[in-house]
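Student: Protein chains in written order, with the numbering used here: chain A, 0 to 133; chain B, 421 to 1052.
(1) Can you pull out the residues from the stretch 8-28 of chain A whose beta carbon lies closer than 9 Å to at least one beta carbon of chain B?
(2) Should residue 633 of chain B be labelled buried (16 or more other beta-carbon atoms within 10 Å of its own) or exposed?
(3) Who are the Cβ neighbours of residue 771 of chain B in its own chain at under 6 Å, not counting the five residues just before and after it?
(4) Could you name the residues of the same chain whose beta carbon sits closer than 7 Å to that of residue 441 of chain B, not counting the 5 residues immediately before and after it, in chain order?
(5) With DSSP run on the structure shown, which of helix, strand or coil describes residue 530 of chain B?
(6) State the beta-bridge partners of residue 874 of chain B as determined by DSSP.
(7) Examine chain A for any beta-carbon lying closer than 8 Å to the beta-carbon of residue 966 of chain B, and answer yes or no.
(8) Please report how far the alpha carbon of residue 898 of chain B lies from the alpha carbon of residue 981 of chain B, in whole angstroms.
(9) State the DSSP-derived secondary structure class of residue 579 of chain B, mapped to helix, strand or coil.
(10) Got a sec: is the Cβ-Cβ distance from residue 1010 of chain B to anything in chain A below 8 Å?
(11) Assuming residue 755 of chain B and residue 791 of chain B make a contact with CB atoms under 8 Å, what is their CB distance in whole Å?
(12) Under DSSP, the alpha helix (DSSP H) around residue 44 of chain A begins and ends at which residues?
(13) Can you list the residues of chain A that residue 709 of chain B reaches, using a CB-CB cut of under 7 Å?
(14) Scan the stretch 995-1020 of chain B for residues whose Cβ lies nearer than 7 Å to a Cβ of chain A and list them as they occur along the chain.
(15) Assuming residue 546 of chain B and residue 522 of chain B make a contact with CB atoms under 8 Å, what is their CB distance in whole Å?
(16) Starting from residue 445 of chain B, trace the alpha helix (DSSP H) both ways and give me its first and last residue.
(17) Which ranges does the beta strand (DSSP E) cover as unbroken runs of at least 3 residues, wholly within the stretch 977-1021 of chain B, from first to last along the chain?
(18) Taking Cβ positions only, does residue 674 of chain B come closer than 8 Å to chain A?
(19) When you compare only the Cα positions, how much space is there between residue 1023 of chain B and residue 81 of chain A?
(20) Considering only their Cβ atoms, is the gap separating residue 449 of chain B from residue 555 of chain B smaller than 8 Å?
(21) Label residue 501 of chain B either buried or exposed according to how many other C-beta atoms from any shown protein chain fall within 10 Å of its C-beta, with 16 as the threshold for buried.
(22) Would you mind sorting residue 637 of chain B into buried or exposed? The rule is 16 or more other CB atoms within 10 Å of its CB.
(23) Grab me the residues of residue 0 of chain A's own chain with a C-beta within less than 8 Å of its C-beta, minus the 5 sequence neighbours each way, in chain order.
(24) Just verifying my parser: in three-state terms, what is the DSSP assignment at residue 123 of chain A?
(25) Along chain A, which residues have their Cβ under 8 Å away from the Cβ of residue 669 of chain B?
(26) Quick one: which residues of the stretch 690-706 of chain B get their C-beta closer than 7 Å to a C-beta of chain A? List them in chain order.
(27) Could you tell me which of A/109, A/116, A/78 sits nearest to residue 101 of chain A, measuring between CA atoms?
(28) Looking only at C-alpha atoms, which of B/1026, B/1037, B/533 sits nearest to residue 728 of chain B?
(29) Would residue 15 of chain A pass as a contact of residue 49 of chain A if the rule is Cβ separation under 8 Å?
(30) When you compare only the Cα positions, how much space is there between residue 519 of chain B and residue 617 of chain B?
(31) For residue 728 of chain B, does the three-state DSSP call read helix, strand or coil?
(32) Under a CB-based cut-off of 8 Å, is residue 91 of chain A close to chain B?
(33) Taking the CB atoms as reference points, tell me whether residue 706 of chain B and residue 696 of chain B lie closer together than 8 Å.
(34) Beta carbon of residue 813 of chain B, beta carbon of residue 872 of chain B: below 8 Å?
(35) Indicate the three-state DSSP secondary structure (helix, strand or coil) for residue 869 of chain B in the structure shown.
(36) With a threshold of 8 Å between beta carbons, is residue 66 of chain A in contact with chain B?
This is how it looks when you write it as structure tokens:
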């Protein structure tokens, strides 16, 4: 089973996205803000993180991403940035912060799933390879 | 009669104008003087020569006195040509002309009547004309009166020598000569006065007109400022609104899709149809909100360009992949002209993609069972490289009349079209604006019931747009100068010729050894002397001892943060003057500049950006040197 951490401050967005992912047999965990996201990332070691960028004033998604990427334990977890604005500058900033990909809200689920699959695959292969070695 | 007079005056005016040299026209006051000079010289001899002719008839021995007088008066006709071709010596010419006039008057008076000569009254025109010709300058105030007195003195000495005046014509003729002379003098002064009044009148009229224009201009500027402000407020409002509208839309689209999934699982056909409508309406609304946001951003001048290298083959594949689902909806076929050698352009890939996809989606929408082609071509016009993307369809087409309206906001070819085909009516307008932002244009050729061809044509190497060329953005003076030297290559070539001015030593401080190695290699290759260190402390010490031309400082360093290093460097007298550029993955440019850095260069490290920075630094250093030299 693949575990996805959804870091999103808006309860409606969290609910919609989470429920739709759960139907597709993902284990979904939720974080309501940046610090919680960083904390849960290291606690749970999810397979992938969906990171909202506009997370309120405390810490934005880019900063949370940087912190996750700065931690050796969590730096390999792929992070896909989600933002309401479709501007190239946001994409640029997300990639610079360490996100592996970027998508816009409202979520187009098939498109997001294809992006998630792309980033989940190498991780799976790696874990298989590791399992074999063990 | 009045009309004739006016036309005569107009004719005269055009002759006068022909003689006014272009170099003088810029100076309104001087032009006025020159015009007085010209009118006086063109018409003056006509009022002087009646006297010559009369004397020629009356004087039994006219040689040499009448001939000299005639020659002197005729000489005035040469002056307008002299002014036309030697306009910059105008003052000198005016002075010479006045000397000639003085001579003619005194010569005439000396030979015909002496001190009681009827020609002597002409002397009063000399100082008058001097003011007409050169205005209230030292020539009119001092040189002309002085020369007049000298000339009169000269003739007086000649008289003293001879002790008598010549007696060339009988006294009775002298009476007639006096009449003619007085009439001609009156005529001449009248003419000059009239002309002068005309000029003064037309000038004050001109000034009044100018005042009116200035007033109108001020009103227009104020109105324009208001309009710009209002438009800016509108754009801001729209941007905020659009953003706020998205959040509830997320809920509408998201939950309708969850319910749709439920309905599909449970095969509730009626619900599926309804929920699809909600979802589609939500998505339509979202597209509209996005378009409005785009337009308001463009109109507020806040749309940023991110110019990058775009591999066209990959770009086309991507576009084709994205467009295919909408193409097949109306059973159309898509043909993309594929040529692996199509190459690379510099452009904003995201915006270009948006525009191309918009054209494709329009083509798909208005074509049934047809053929849609995407072609790409490159051309060079006047040394500038252009690239064109054309989308050709076999759809409904559009009339010329409607085509003109296509690129306006909220305009579709016909209101019924949006009912039938959907769409926001903003897509083309947004695309056009995006392409224009990149220096290009979208054009259309179409025939009703045959099909349409939309072509995006834009520079293959886009200028860096708003906010993307960070270095120019915050250095307006330097940016303005850059206009004269648009090619970075030229500037670099200049720098190479002037090797001693070039920045040579660069200290790089970054805790990541891989980054250090990479920067070292890239910069060394370009001939810079590079010193790298992964320790903040060493970096500070190095900067103190080496006094490099530039420090590149990474901001995310573990022990001493980069900001702290910057603060230390800027607080220390020994290193304060040394320019520091911050390397960062975060866009904290404002903070960097506030703390005294010259620039923030975003990671991943881009050599071009650094090159531009160095070029700017060289330039400002040259200017400083120049200023020092000037003040020294």
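The beta-carbon is built from N, C-alpha and C at its ideal position, and this holds for glycine as well.
Every value quoted in this text rests on a predicted model; they were computed, and no experiment measured them.
Tutor: So, from the listed chains and residues:
(1) Listed by position, the residues of the stretch 8-28 of chain A near chain B (Cβ gap below 9 Å) are 9, 11, 12, 14, 15, 16, 18, 19, 22.
(2) Here residue 633 of chain B is exposed: its Cβ has fewer than 16 other Cβ atoms, across all protein chains shown, within 10 Å.
(3) Correct list, in chain order: 854.
(4) Sequence-distant partners of residue 441 of chain B (beyond 5 residues in either direction) whose C-beta falls short of 7 Å from its own C-beta, in its chain, are 503, 504, 507.
(5) Under the three-state reduction of DSSP, residue 530 of chain B is assigned to helix.
(6) The partner list for residue 874 of chain B (beta bridge, DSSP) reads B/811, B/864.
(7) Output row for residue 966 of chain B: interface = no.
(8) Low confidence applies here, because residue 898 of chain B scores a pLDDT of 32, under 50, leaving its location unreliable; read the following figure in that light. Going from the Cα of residue 898 of chain B to the Cα of residue 981 of chain B covers about 31 Å.
(9) DSSP places residue 579 of chain B in helix when its eight states are reduced to three.
(10) Closer than 8 Å: no.
(11) A Cβ-Cβ separation of about 7 Å places residue 755 of chain B in contact with residue 791 of chain B under the 8 Å criterion.
(12) Note, residue 44 of chain A: premise wrong, no alpha helix (DSSP H); not H, not E.
(13) Chain A residues near residue 709 of chain B: none, gap ~10 Å exceeds 7 Å.
(14) Cβ contacts with chain A: 1005, 1007.
(15) Yes, they are in contact, since the Cβ atoms of residue 546 of chain B and residue 522 of chain B sit about 6 Å apart, within 8 Å.
(16) Residue range 442-445 is occupied by the alpha helix (DSSP H) that includes residue 445 of chain B.
(17) Runs found: 1000-1004.
(18) Yes - at least one Cβ of chain A is within 8 Å of the one on residue 674 of chain B.
(19) Cα to Cα, residue 1023 of chain B sits roughly 22 Å from residue 81 of chain A.
(20) Against a cut-off of 8 Å, the Cβ pair of residue 449 of chain B and residue 555 of chain B comes out as a contact.
(21) Only exposed fits residue 501 of chain B, as fewer than 16 other CB atoms lie within 10 angstroms of its CB.
(22) The residue in question, residue 637 of chain B, is exposed, as its Cβ has fewer than 16 Cβ neighbours within 10 Å.
(23) Cβ neighbours of residue 0 of chain A beyond the five flanking positions: 24, 25, 26.
(24) Low confidence applies here, because residue 123 of chain A scores a pLDDT of 47, under 50, leaving its location unreliable; read the following figure in that light. In the structure shown, residue 123 of chain A sits in a helix (DSSP, three-state: H, G or I).
(25) Chain A residues near residue 669 of chain B: 105.
(26) Taking 7 Å as the Cβ-Cβ cut-off against chain A, the residues of the stretch 690-706 of chain B that qualify are 706.
(27) Cα-wise, what sits closest to residue 101 of chain A is A/78.
(28) When only C-alpha atoms are compared, the closest one is B/1026.
(29) Cβ distance not < 8 Å, so residue 15 of chain A and residue 49 of chain A don't count as in contact.
(30) Roughly 26 Å separates the two Cα atoms.
(31) Under the three-state reduction of DSSP output, residue 728 of chain B falls in the strand class.
(32) Chain B, which has a Cβ nearer than 8 Å to the Cβ of residue 91 of chain A, makes this yes.
(33) No, these two residues do not count as a Cβ contact at 8 Å.
(34) In this structure, residue 872 of chain B lies closer than 8 Å to residue 813 of chain B by Cβ.
(35) It is coil, neither helix nor strand.
(36) So, not an interface residue.
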